[in-house]
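Student: Below is one structure. I have some questions about it.
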């Protein structure tokens, strides 16, 4: 009959070493900064500063909206921030039903005022308060989100879009070098021995 090989931990002390090494390896390969979702539910604790005519509104749930259609509005961070995404609706609050809905340009600026991200968002199909558009940013070093006045060139739209559920700081950091991962995996092997089992 063929011989089988059984992998067995040598003793409880080595089990602890192996568990520690495995935990270390998992920590190295999954070092993720936790996400924060700014839901703007509390007007006294927004987590950001507002500029231009960006305002808070509670009709239909706490959110921000662009009060001015002909001047730029801003969301300002206290320090350079990794921005994941945010949601937008074409209406400034629940049950509002006016405006010439269309496109809006948005930019993410760094501390030097340079654009590090930009997008043109079409909110034509997002007038229902239960239907929000998710704007993906996934960009670091953003100190300010600029919402370019929708009534200005080149779009000339007259509407007052809302912003909600701004997600920040969720990113993978410090990805280990392959050699570091190999070292961790090598440590996992410490404390194992191969013992032939008789048939």
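Numbering (the numbering used here), first residue to last: 63 to 261. Idealized CB from N, CA, C, for every residue including glycine.
1. Taking the C-alpha atoms as reference points, what is the distance between residue 161 and residue 111?
2. Taking DSSP's pairing of strands, which residues face residue 170 in a bridge?
3. Taking its Cβ as the centre, do 16 or more other Cβ atoms sit within 10 Å of residue 132, making it buried, or is it exposed?
4. Taking DSSP's pairing of strands, which residues face residue 120 in a bridge?
5. Measuring alpha carbon to alpha carbon, tell me which residue in 167, 171 and 186 is nearest residue 159.
6. Excluding the 5 residues preceding and the 5 following residue 102 in the sequence, name in chain order all residues of the same chain whose CB lies nearer than 7 Å to its CB.
7. Return helix, strand or coil for residue 216, following the three-state DSSP convention.
8. Since residue 98 is in the beta strand (DSSP E), which residue starts that stretch and which ends it?
9. When every heavy atom of the ligand GTP is checked, does at least one fall within less than 7 Å of the C-beta of residue 166?
10. Assuming residue 151 and residue 223 are in contact, meaning their beta carbons sit under 8 Å apart, how far apart are those beta carbons, in whole angstroms?
11. Per DSSP, residue 113 forms a beta bridge with which residues?
12. How many angstroms separate the CA atom of residue 134 from the CA atom of residue 209?
13. Which same chain residues, not among the five before or five after residue 130, have their C-beta less than 7 Å away from its C-beta?
14. Apart from the five residues on each side of it in sequence, which residues of its chain come closer than 6 Å, Cβ to Cβ, to residue 137?
15. When the Cα of residue 196 is compared with those of 148, 204, 179 and 220, which residue comes out closest?
Tutor: In short, the structure shows the following:
1. 26 Å
2. 179 and 207
3. exposed
4. None, per the DSSP bridge assignment.
5. 186
6. 108, 118, 124, 125, 126 and 226
7. coil
8. 98-100
9. This structure lacks the ligand GTP; in fact it carries no ligand of any kind.
10. 7 Å
11. 136
12. 6 Å
13. 114, 115 and 211
14. 110 and 207
15. 148
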